[in-house]
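Worksheet: the structure to be examined is printed underneath.
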Amino acid sequence: MRLRALLDTDALGLKLLGGEDELDRTVRGVMTTDLRDPSRYLSGGELVLTGLAWRRDAADSEPFVRILVQEGVTALAAGEAELGDVPDDLVEACARHRLPLFAVHESVAFATITEHVVRQVSGERAGDLAAVVDRHRRMMTSGPAGGGPDVVLDLLGSDLDLRAWVLSPTGRLIAGPKTAGHALTAEACGRLAAEHLTATRTGRRAPHRVLLGGTTYSLFPIRSTGRPPQTARDVRETVLSDWLLAVEADAGDWAEERLDLLYGVTQLIAVERDRRDAARTVRRRLAQEVLELVQAGAAPAEIAARLRVAAPVLLPGLGAAPHWQVVVARVDWDGAGIEEGPVAQALLEEILVAPLSAGPEHSDRIAVAHTGDEAIALVPLPAVSTEHDGSETGVLADALLESVRDPLTAGLNDDGRLTLGVSAAVHSAEGLRGALEEARHARRVAAARPGRVCAAGHQELASHVLLLPFVPDDVRRAFTARLLDPLRDYDRRHRAELIPTLEAFLDCDGSWTRCATRLHLHVNTLRYRVGRIEQLTSRDLSRLEDKLDFFLALRMS
Numbered sequence: 000m001r002l003r004a005l006l007d008t009d010a011l012g013l014k015l016l017g018g019e020d021e022l023d024r025t026v027r028g029v030m031t032t033d034l035r036d037p038s039r040y041l042s043g044g045e046l047v048l049t050g051l052a053w054r055r056d057a058a059d060s061e062p063f064v065r066i067l068v069q070e071g072v073t074a075l076a077a078g079e080a081e082l083g084d085v086p087d088d089l090v091e092a093c094a095r096h097r098l099p100l101f102a103v104h105e106s107v108a109f110a111t112i113t114e115h116v117v118r119q120v121s122g123e124r125a126g127d128l129a130a131v132v133d134r135h136r137r138m139m140t141s142g143p144a145g146g147g148p149d150v151v152l153d154l155l156g157s158d159l160d161l162r163a164w165v166l167s168p169t170g171r172l173i174a175g176p177k178t179a180g181h182a183l184t185a186e187a188c189g190r191l192a193a194e195h196l197t198a199t200r201t202g203r204r205a206p207h208r209v210l211l212g213g214t215t216y217s218l219f220p221i222r223s224t225g226r227p228p229q230t231a232r233d234v235r236e237t238v239l240s241d242w243l244l245a246v247e248a249d250a251g252d253w254a255e256e257r258l259d260l261l262y263g264v265t266q267l268i269a270v271e272r273d274r275r276d277a278a279r280t281v282r283r284r285l286a287q288e289v290l291e292l293v294q295a296g297a298a299p300a301e302i303a304a305r306l307r308v309a310a311p312v313l314l315p316g317l318g319a320a321p322h323w324q325v326v327v328a329r330v331d332w333d334g335a336g337i338e339e340g341p342v343a344q345a346l347l348e349e350i351l352v353a354p355l356s357a358g359p360e361h362s363d364r365i366a367v368a369h370t371g372d373e374a375i376a377l378v379p380l381p382a383v384s385t386e387h388d389g390s391e392t393g394v395l396a397d398a399l400l401e402s403v404r405d406p407l408t409a410g411l412n413d414d415g416r417l418t419l420g421v422s423a424a425v426h427s428a429e430g431l432r433g434a435l436e437e438a439r440h441a442r443r444v445a446a447a448r449p450g451r452v453c454a455a456g457h458q459e460l461a462s463h464v465l466l467l468p469f470v471p472d473d474v475r476r477a478f479t480a481r482l483l484d485p486l487r488d489y490d491r492r493h494r495a496e497l498i499p500t501l502e503a504f505l506d507c508d509g510s511w512t513r514c515a516t517r518l519h520l521h522v523n524t525l526r527y528r529v530g531r532i533e534q535l536t537s538r539d540l541s542r543l544e545d546k547l548d549f550f551l552a553l554r555m556s
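Residue 0 is where the sequence shown starts when you use numbering that gives the first Met the number 0, and the numbers rise one by one after that.
Structure below.
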């Protein structure tokens, strides 16, 4: 607002004592002080209110006014309650430095002036920002992105003096103020994400207010629709993948217009999120193609050809084919009605971003597919090195778990569970099928543990499981075909269910009674089927060696 508008407001009781030619100056804020040197609290553009307690004699006016001018103050308003009239020495000092000076009648409280200025300035800023947000939104929806979340947060900081951060559901910092002293610690980010997920799962209405370290934050969900959807939709479909906007302010007493503005900001950030997700389409398709080839038992050469196509997309500029790791994730919700595969896919794409990496695009080197209720990530590694303690670099199950456990436990509440399995690194297409099997085994190990979020790596697997991934595919096919193909052919012709019977028999450690009970068969029927298996394969299921061969063949098939 301009000084002229202040002078024209009768309720403020201001009388102009000097600076009539400067009334078109803009007021950006207001500050009350009686310090002899208030420079540390000034940022420029303020209307300074003073009761003159700093003035002991006439010599004090000149240095006080000089400090105000050096700091870019717009005008000075002096109260008449202390001295009756504004001293001439202060009037003369302001005139020399061309600083507009007002007298404030003793019947007018400084709080009245402060409230008026703040209300006017905030309204103008909010209107300006709303116009900018609307213009930016239209520009982004019709053309290229406008600079990402950082641009929007800069607008909030410059026009509304609000510090804000965009966080992932795992507590990763995506965007935030770059000014020194305004950073959020990793612990604070994780706490805010956990509080947001807890509030969302319990159905509390946004924005969610959180007191953290003596500071109040207001948390806004970032969804494509801005405000919470009015249609009945299960929040579990997106709660583990939606970003959030954390604002350092208490939004509990905000006017509806200000809340609408912040929801508009979340919509603007959501546009950037949608663009990033759209860019993942190619990587998802590559992962799906490779996964289908691996699961179909395709020749290593065919899988290698597909990986050569994927490598430049995931690691541009890399000359040689990278090493690969496989990470398998599964999200299990109590009850039916939720397609869990896409939920696990979106979550795994977020989890595999390095937790200390800021920015929205650090997941460009991850390709995640889903099949059924399971998400499978192909993680390319430019190189695999060994640390001094003998451990390999790359994706580590313990590190993944540590970075996401607390926030995601809050999001899973008491009706969800996340389990993760991580394979060892492999250097060729020939090992990829084994890596997938290894990651799946590791996830099953994690699923056997207590807790809402569990992970296991290849180091924790039993010895026979650890060996299987390194058996070449042609050896696998020959071994399993020799033992299992006669049984499969017989099952196709006679519907005899010899393969399921074999699996159950081995799982029951060769106990006739337990196996017959599990299969709901008479023991004699079970003995007939086992005899047929031994006849077709020329093996003896009473011998440990033959049992082990069948066990491994089933695991590799």
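Think of the CB as a built atom: it goes at the ideal place given N, C-alpha and C, for glycine as much as any other residue.
Can you tell me whether residue i is buried or exposed, with buried defined as 16 or more other CB within 10 angstroms of its CB?
i    : result
A76  : buried
V444 : buried
G175 : buried
P311 : exposed
E105 : exposed
D473 : exposed
T201 : exposed
L547 : exposed
L417 : buried
H387 : Reliability fails at H387, whose pLDDT of 41 lies under 50, so the model's placement of it is uncertain and the value that follows must be treated cautiously. H387 is exposed by the Cβ-count criterion.
H195 : buried
S402 : buried
V452 : buried
A277 : exposed
R203 : exposed
F549 : buried
Y216 : buried
S38  : exposed
E373 : buried
L98  : buried
P449 : exposed
So residue i and residue j are supposed to be a Cβ contact under 8 Å. How far apart are they, rounded?
i    : j    : result
A185 : A245 : Their Cβ separation, rounded to whole angstroms, is 14 Å, which puts A185 and A245 out of contact at 8 Å.
A438 : G420 : 4 Å
W74  : L34  : The amino acid at residue 74 is misidentified as Trp; the sequence shows Ala. Not quite, the Cβ-Cβ distance comes to about 18 Å (not below 8 Å), so this is no contact.
A434 : V330 : The Cβ separation is near 21 Å, so there is no contact.
R24  : L2   : 5 Å
E348 : I337 : At roughly 18 Å, the Cβ-Cβ gap does not stay under 8 Å, so E348 and I337 are not in contact.
P299 : A428 : 5 Å
A248 : L161 : 6 Å
L407 : T169 : 6 Å
E81  : L48  : In fact, because the Cβ distance is near 12 Å, the residues do not count as touching under 8 Å.
F90  : G12  : According to the sequence shown, residue 90 is Val rather than Phe. In fact, because the Cβ distance is near 18 Å, the residues do not count as touching under 8 Å.
E236 : V342 : 6 Å
I66  : D88  : With 8 Å as the limit, I66 and D88 do not qualify as a contact, their Cβ atoms being about 15 Å apart.
Tell me which residues share the same chain as residue i and place their Cβ nearer than 8 Å to its Cβ, disregarding the 5 neighbours each side in the sequence.
i    : result
T8   : H115
D333 : D414 and G415
V293 : I302, L431, R432 and L435
L306 : V289, A320, W323, A428 and L431
G559 : One cannot answer for residue 559 here, as it falls past the ends of the chain, which runs 0 to 556.
Would you give the residue range spanned by the beta strand (DSSP E) that residue i belongs to?
i    : result
P220 : T214 to I221
D331 : H322 to W332
R208 : H207 to L211
A163 : A163 to L166
Please work out which residues of its chain come closer than 6 Å, Cβ to Cβ, to residue i, disregarding the five sequence neighbours upstream and downstream, and give them in chain order.
i    : result
A396 : V421, A454, A455 and G456
V103 : A76 and G78
Is the distance from the Cβ of residue i to the Cβ of residue j below 8 Å?
i    : j    : result
F219 : L243 : yes
L16  : F109 : no
L377 : H322 : no
I532 : L483 : no
L497 : D490 : yes
R118 : P86  : no
R494 : A503 : no
P148 : E288 : no
V64  : L41  : no
Beta-carbon within less than 7 Å of residue i's beta-carbon, same chain only, minus the 5 sequence neighbours each way: which residues are those?
i    : result
G251 : R208
A515 : H521, V522 and L525
On the DSSP letters alone, give me the boundaries of the alpha helix (DSSP H) that residue i sits inside.
i    : result
R554 : L543 to M555
E81  : Unbroken run through E81: none, as it is neither H nor E.
I268 : E255 to A278
A368 : Taken as a continuous stretch (DSSP letters only), A368 belongs to no alpha helix (DSSP H), being part of the beta strand (DSSP E) at A366 to T370.
A192 : A185 to R200
T500 : L497 to D506
T524 : V522 to T536
I66  : S60 to Q69
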